[in-house]
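Let me begin by presenting the structure, written as structure tokens, before commenting on it.
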Ligand code: SF4
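Residue numbers (the numbering used here): 49 to 526.
Have a look at this one:
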């Protein structure tokens, strides 16, 4: 095996572009997802090292000296951070000209040719599901014999044939060993999970075809491939030994509840361990299943409601009825299950009226907390092609402003970028600044000191976010 460094490169202060982040920008409150995709491939390359620079607060100057110790560096990149990551690749190469530098992630999977042309210091790209592509490369296999690899040779760019998706997910080793070896788990925080938390995948892919959603349309695919429940439970057991301080396990599969048999089997394995856990879910889980999950330690679900308007849900191919979402929310309230509801303002078909309707919907289904995003049309998605054809694209590159905050990449003749941006703030204010919601959050803080510390810190960041809006709008796109 060649000596390999896996790097989530330094970026904006607080920028979360890690291989696991679903929201590649600074969030309104400081949040970091575990770099699970990079950790997964690092687990397959013995003696490798994973550096996740942004949560560790590492700058380029901190990382560069490491370049001398390795033969290969694999950088995780994303559309908003690509240019900055390309500069990091060049800087690593300057320190160690013999270093082979590669990139992975959805952006380079979709735009392999363009990325290699735009970043002369990058020698190779591992496209789509890159785990075994990178493993074979680190084993020293000839590059022309590695499926899924694009590379530069004598000034020419070559693209090998596609790699088949992994069918036996139990083949993948535990990421928890890499977390233990290379990460400080206290660096990772998301507002919706208890702190400290650990995030794992039990499978990849999502059966739904939401037009904006990056992962299933690029790396993960639309077939939900899962690990066996026992394999997942064994990894959590190891986590309990390594990290007794962890308060919650988050299963970051696109939609864990897409496979009812699988999620119920995992729940029944976790229940006896007394683990508190949470996951991503779609708002169509049957009541009986929700009850099994709740009875076996599930505390919270992150649910992509996106909009309260049926036409918008249809426009984005959400495959969901507003009535079903109401019923799901009622079931969750009845069982005492918490929901972190995620919404997007400015999707195709959005008007000022549908924004109002979605805010009213959010207040009625009343998730415990919410996240409101701007629309982001990433290359490789249906929405990206649609936005280009329809002339909705604000700028190809301008997904984040120069402070690292996301900006709307779409605008419409009847709804400007500034109006979409303002609607996000308004949404938050109208949802959170209600006496019942304030009382609920204060009550939760009073019951749990750790939650109190986290919410107070988040509260300060959130207020700064809301009241620095003019700066964010004025910021120049990178
Ligand atoms: S259900 Fe969620 S994860 Fe699946 S495609 Fe839609 S937004 Fe993406």
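Beta carbons are placed, not taken as given, at the ideal position from N, Cα and C, and that holds for glycine. Remember, it's a predicted structure, so these values are computed and weren't measured experimentally.
Proximity of residue i and residue j at Cβ, strictly below 8 angstroms
i           : j           : result
residue 226 : residue 291 : no
residue 223 : residue 136 : no
residue 422 : residue 397 : no
residue 106 : residue 145 : no
residue 143 : residue 169 : no
residue 402 : residue 353 : no
residue 182 : residue 111 : no
residue 348 : residue 240 : yes
residue 413 : residue 377 : yes
residue 317 : residue 277 : yes
residue 55  : residue 120 : no
residue 335 : residue 282 : no
residue 172 : residue 150 : yes
Contact test: residue i Cβ vs the ligand ATP heavy atom, cutoff 7 angstroms
i           : result
residue 261 : Within the structure as shown, the ligand ATP is missing, the only ligands being the ligand SF4.
Bridge partners - residue i, DSSP secondary structure assignment
i           : result
residue 247 : 298
residue 97  : 53
residue 149 : 121
residue 329 : 351
residue 266 : In DSSP, residue 266 forms no bridge with anything.
residue 389 : 351, 418
residue 199 : 172, 206
residue 252 : 273
residue 346 : 325
residue 458 : 441
Where the alpha helix (DSSP H) containing residue i begins and where it ends
i           : result
residue 280 : 277-290
residue 493 : 483-495
residue 177 : Where residue 177 is concerned, there is no enclosing alpha helix (DSSP H), given that its DSSP letter is neither H nor E.
residue 225 : 224-230
residue 373 : 370-383
residue 337 : 335-343
residue 358 : 358-363
residue 84  : 84-90
residue 136 : 130-143
residue 480 : 465-480
residue 430 : 430-438
residue 316 : 308-318
residue 218 : No alpha helix (DSSP H) holds residue 218; DSSP gives it neither H nor E.
residue 237 : Taken as a continuous stretch (DSSP letters only), residue 237 belongs to no alpha helix (DSSP H), as it is neither H nor E.
residue 108 : 108-111
8 angstroms contact criterion, which residue i and residue j should meet: CB distance rounded
i           : j           : result
residue 462 : residue 399 : 6 angstroms
residue 49  : residue 94  : 6 angstroms
residue 254 : residue 303 : 5 angstroms
residue 214 : residue 273 : 7 angstroms
residue 503 : residue 511 : Actually they do not touch by this definition, with Cβ atoms about 12 angstroms apart.
Range of the contiguous beta strand (DSSP E) that encloses residue i
i           : result
residue 169 : Taken as a continuous stretch (DSSP letters only), residue 169 belongs to no beta strand (DSSP E), as it is neither H nor E.
residue 402 : Run containing residue 402: none in the beta strand (DSSP E); it sits in the alpha helix (DSSP H), 400-413.
residue 271 : Where residue 271 is concerned, there is no enclosing beta strand (DSSP E), given that its DSSP letter is neither H nor E.
For the 8 angstroms Cβ check, are there 3 or more pairs between the region 122-129 and the region 143-159?
-> For the pair of segments examined, the region 122-129 was found to touch the region 143-159: the number of CB pairs separated by less than 8 angstroms reaches three.
Contact between the region 230-242 and the region 196-216: three or more CB pairs below 8 angstroms?
-> The count of Cβ pairs closer than 8 angstroms, one atom from the region 230-242 and one from the region 196-216, stays below three, leaving the stretches out of contact.
Spell out a yes or no on whether the region 280-297 and the region 306-324 are touching, meaning 3 or more CB-CB pairs, one atom from each, closer than 8 angstroms.
-> Counting Cβ pairs under 8 angstroms, three or more are found: they touch.
Any 3 or more C-beta pairs closer than 8 angstroms across the region 181-188 and the region 215-222 | A contact is defined here as three or more CB-CB pairs under 8 angstroms, and the region 181-188 fails this definition with respect to the region 215-222.
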